[in-house]
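Visitor: Below is a structure I'd like to ask you about.
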Amino acid sequence: MNVPDRYERFVVPEGAKKLILETLILFIISLTSRSILLFFYIHYNRLCYDFLFWTDVDFVEHCRVSYERDTKIMNAATFILEREDHTIGNILRMQLHRDDNVLFAGYQLPHPLKYRILVRIQTASQSSPMQAYNQAINDLDKELDVLKYELEGEISRFSRAY
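Heads up, the sequence shown is in the numbering used here, so the first residue is 63 and it goes up one at a time.
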């Protein structure tokens, strides 16, 4: 048929070669659990975010997360996540709602054909949006580590049974 390969549908940064990512993408595609896909996203996003302020401009251009402080509202900011959609936006929003210091957390997908979401965070005076975002990513990372541990345990238990 004329259907393109599955990995051709992935959106990568400008100038990035898909051949470099091909092995990892094919491995991720072979996994059936959406939670595992989220696990890989969180770890990649965390790495990208950690290096945001420590590297040159070329890396920042390929980074998925940018930060814009709101000048009209105290303790409010917008995080722009490139190449993401409702899957990550909703999970991140729900994790932010668990934080007592977060007054408002929401996300917007400006255009359905552009993979870009805007995550808006407003916090109480004792916290900053950057801290809330970091805490949400760290909490999701810990939850996914627990999920990975449980999944590996179930896989080993299942493989011993057969």
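Ideal Cβ positions, reconstructed from N, Cα and C, are used throughout, including at glycine.
Note that this is a predicted model, so its numbers are computed, not measured.
(1) Is it true that the CB of residue 143 sits closer than 8 Å to the CB of residue 150?
(2) Locate the beta strand (DSSP E) running through residue 184, then write down its first and last residues.
(3) So, at 6 Å on beta carbons, what are the nonlocal neighbours of residue 182 in its own chain, with the 5 sequence-adjacent residues on each side left out?
(4) Once the 5 residues before and after residue 178 are set aside, which same chain residues still bring their CB inside 8 Å of it?
(5) Taking DSSP as the reference, what is the three-state secondary structure of residue 199?
(6) Which residue's Cα is closest to the Cα of residue 134: 184, 202 and 201?
(7) So the alpha helix (DSSP H) residue 149 belongs to, where does it begin and stop?
(8) Could you give the residue range of the beta strand (DSSP E) that holds residue 169?
(9) From residue 186 to residue 156, what does the alpha carbon distance come to, in whole angstroms?
(10) Under a three-way DSSP split, which group does residue 129 fall into?
(11) To the nearest angstrom, report how far apart residue 213 and residue 206 are at their CA atoms.
(12) For residue 135, which of helix, strand or coil comes out of DSSP?
(13) Below 8 Å between beta carbons: does that hold for residue 188 and residue 152?
(14) With DSSP as the reference, please indicate the residues paired to residue 205 in a beta bridge.
(15) Can the beta-carbon of residue 194 be found less than 8 Å from the beta-carbon of residue 154?
Guide: Let's see:
(1) yes
(2) For residue 184, the enclosing beta strand (DSSP E) begins and ends at 178-185.
(3) 140 and 168
(4) 142, 143, 144, 145, 146, 171 and 172
(5) helix
(6) The alpha carbon of residue 134 has as its nearest neighbour, out of 184, 202 and 201, the alpha carbon of 184.
(7) From DSSP, the alpha helix (DSSP H) with residue 149 extends over 148-159.
(8) 164-170
(9) Distance between the alpha carbons of residue 186 and residue 156: 17 Å.
(10) Strand at residue 129.
(11) 10 Å
(12) coil
(13) no
(14) Per DSSP, none; premise fails for residue 205.
(15) no
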